[in-house]
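Single-structure report; data block below.
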Amino acid sequence: MKGTYLGEFEELVLLAVGILFGDAYGLAIIDELEKKTGRNIMISSVHKTLVRLEEKGYLKSHMGGGTQQRGGRDKRLYTLTQGGKKALQEAKELRNAMWKEIPKVVWETVKL
Numbered sequence: 001m002k003g004t005y006l007g008e009f010e011e012l013v014l015l016a017v018g019i020l021f022g023d024a025y026g027l028a029i030i031d032e033l034e035k036k037t038g039r040n041i042m043i044s045s046v047h048k049t050l051v052r053l054e055e056k057g058y059l060k061s062h063m064g065g066g067t068q069q070r071g072g073r074d075k076r077l078y079t080l081t082q083g084g085k086k087a088l089q090e091a092k093e094l095r096n097a098m099w100k101e102i103p104k105v106v107w108e109t110v111k112l
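Note that full-length UniProt numbering numbers the sequence shown so that position 45 is 45, with each residue one more than the last.
Printed below as a string of structure tokens:
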């Protein structure tokens, strides 16, 4: 496995693949990310990230059948691996643990 650090965008892409279970391909992932984050997502960023996550062993892909709306072209579908699920779980646990450690006084004195 090529490195285990999970960046924010990598985490978002893994989450989108999980949400789209069974139908996670480039444009669907971009649509999901834009819908959830309100960000404008570049297709090249998603494709580079998908390749990197597959190299890390967090995703696997296979070619799905062509569709009429794609002019008969196949699409590459992505699924989470056990390593990808574990990376997401660890990221979630770390974030939750750190959120719990923020003293209440921080929230009482911060104006949002």
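Quick reminder that beta carbons are idealized off the backbone N, C-alpha and C, glycines included.
As the structure is a prediction and not an experimental result, all values here were calculated from the model.
When the distance is taken between beta carbons, is residue j closer than 9 Å to residue i?
{"i": "residue 52", "j": "residue 90", "result": "no"}
{"i": "residue 75", "j": "residue 64", "result": "yes"}
{"i": "residue 30", "j": "residue 17", "result": "no"}
{"i": "residue 23", "j": "residue 77", "result": "yes"}
{"i": "residue 27", "j": "residue 88", "result": "no"}
{"i": "residue 12", "j": "residue 36", "result": "yes"}
So residue i packs on residue j, CB below 8 Å; how close in whole Å?
{"i": "residue 172", "j": "residue 58", "result": "For the chain, the structure presents residues 1 to 112; residue 172 sits outside this window and is missing."}
{"i": "residue 84", "j": "residue 14", "result": "6 Å"}
{"i": "residue 41", "j": "residue 33", "result": "5 Å"}
Which ranges does the alpha helix (DSSP H) cover as unbroken runs of at least 4 residues, wholly within the UniProt domain "Transcription regulator PadR N-terminal" (22-90), from first to last along the chain?
-> Correct list: 26-37, 43-55.
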